[in-house]
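Just so we're aligned: 37 in UniProt numbering is position 37 of the sequence shown, and the numbers increase by one with no gaps anywhere.
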Amino acid sequence: MDRVEKILKDPFYQECIAKNEVKEAKRKFCKHAFQHMVDVARVAYILIMEAKELKNFIIQNNLGTREKAREVIYAAALLHDIARWHEYETGEDHAVKGAEIAEDILKRAGFDNREITIICQAIKEHRGSFTENMSLLGEYLHRADNLSRSCYFCPAKAECYKFDDMETGVKAILY
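Below, the structure written as structure tokens:
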């Protein structure tokens, strides 16, 4: 996962993670820190493996190898909330802005244009409701984003508008 390591070491990626932490320092609801992104990556990969969709994902996207597929999945997850700080500043949807920001980071990490398109599409799709038109990666990224949260034990659950819609609000832990 050399290219994923390059993402993690990218100065602008690190700057965005730091900006997220500053903007959410006093937030009582779910935060969008680095650990959340890692959790989403792991859960997304598990979901795809459990659904026996990895081979389909590789073929559908002409990725060639399991390793490339894993890098694409992890890259999307590690970048999916990269522009959360920007949404706090401007009100612009962090998923849309995040896909824009991710492009340059992905290029510097060595992803090709096809892979960048797959990743950025999933980043755009991760927010909001599931739709029939979602890409495979977008679908799993969206679900992993929700499953990565510990809503059942959250001290702010009584005030959270999302709590009743979260799978992890009904069951304490799923992944």
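C-beta atoms are modelled at their ideal positions from N, C-alpha and C, and glycine is treated no differently.
*From this set, Gly98, Lys19 and His86, which residue's C-alpha is nearest Ala75's C-alpha?*
Taking the sequence shown and counting its residues from 1, the one referred to as residue 75 is at position 75. For the residues Gly98, Lys19 and His86, the minimum Cα distance to Ala75 belongs to Gly98.
*In angstroms, rounded to a whole number, what distance separates the CA positions of Ala144 and Arg3?*
Position 144 of the sequence shown holds residue 144. Position 3 of the sequence shown holds residue 3. So the two alpha carbons sit approximately 21 Å from each other.
_Through-space distance from Ser148 to Val43, alpha-carbon basis_ = Translated into positions along the sequence shown, residue 43 becomes position 43. Translated into positions along the sequence shown, residue 148 becomes position 148. If you take the alpha carbons of Val43 and Ser148, they lie about 7 Å apart.
*Beta-carbon gap between Arg84 and His32 smaller than 8 Å*: Looking up residue 84 in the sequence shown gives position 84. Looking up residue 32 in the sequence shown gives position 32. Yes, Cβ-Cβ distance for Arg84 and His32 is below 8 Å.
*For Arg27, which option in Ala122, Tyr88, Thr117 and Arg108 has the closest C-alpha, if you only look at C-alpha atoms?*
Taking the sequence shown and counting its residues from 1, the one referred to as residue 27 is at position 27. Checking every option, the nearest Cα to that of Arg27 belongs to Tyr88.
*Selected residue, minimal CA-CA separation from Ala102, among Cys120, Lys19 and Asn133*: The residue labelled residue 102 in the question sits at position 102 within the sequence shown. The candidate whose alpha carbon is nearest that of Ala102 is Cys120.
*Gly138 to His80 span [Cα, whole Å]*: Taking the sequence shown and counting its residues from 1, one reaches residue 138 at position 138. Taking the sequence shown and counting its residues from 1, one reaches residue 80 at position 80. Roughly 10 Å between the two C-alpha positions.
*Per DSSP, what kind of secondary structure is Asn146 in: helix, strand or coil?*
Along the sequence shown, one-based indexing puts residue 146 at 146. Asn146: helix per DSSP, three-state reduction.
*The alpha helix (DSSP H) enclosing Arg56, as first and last residue numbers*: Start at 1 with the first residue of the sequence shown, and residue 56 comes out as number 56. Per the sequence presented here, residue 56 reads as Asn, with Arg not at that position. Run containing Asn56: Leu54 to Gln60, per the alpha helix (DSSP H) assignment.
_Residues near His86 in its chain [Cβ-Cβ closer than 7 Å; skip 5 each side]_ = To locate residue 86, count along the sequence shown from 1; it is residue 86. Correct list, in chain order: Glu92, His94 and Lys97.
*Own chain, CB closer than 6 Å to Tyr45, minus 5 neighbours either side, in chain order*: Along the sequence shown, one-based indexing puts residue 45 at 45. Closer than 6 Å at Cβ, skipping near neighbours: Ile73.
_Distance, Asn133 Cα to Leu8 Cα_ = Counting from 1 along the sequence shown, the entry for residue 8 is found at position 8. Counting from 1 along the sequence shown, the entry for residue 133 is found at position 133. Distance between the alpha carbons of Leu8 and Asn133: 30 Å.
*Where in the UniProt domain "HD" (33-147) do unbroken runs of the alpha helix (DSSP H), each at least 4 residues long, occur, reported from the N-terminal end onward?*
34-50, 54-60, 66-79, 84-90, 94-109, 113-125 and 136-147
*Coarse secondary structure for Lys6, derived from DSSP in three states*: Numbered from its first residue, the sequence shown carries residue 6 at position 6. Helix, per DSSP.
*Nearest-angstrom Cα distance between Asn62 and Ala69?*
Position 62 of the sequence shown, counting from 1, holds the residue named residue 62. Position 69 of the sequence shown, counting from 1, holds the residue named residue 69. Their backbone Cα atoms lie some 9 Å apart in a straight line.
*To the nearest angstrom, how far is it from the Cα of Lys55 to the Cα of Cys16?*
In the sequence shown, counting from the first residue as 1, residue 55 sits at position 55. In the sequence shown, counting from the first residue as 1, residue 16 sits at position 16. Roughly 33 Å between the two C-alpha positions.
_So, with DSSP's three-state summary, where would you put Lys19?_
In the sequence shown, the residue the question calls residue 19 occupies position 19. Looking at Lys19 - three-state DSSP - the assignment turns out to be helix.
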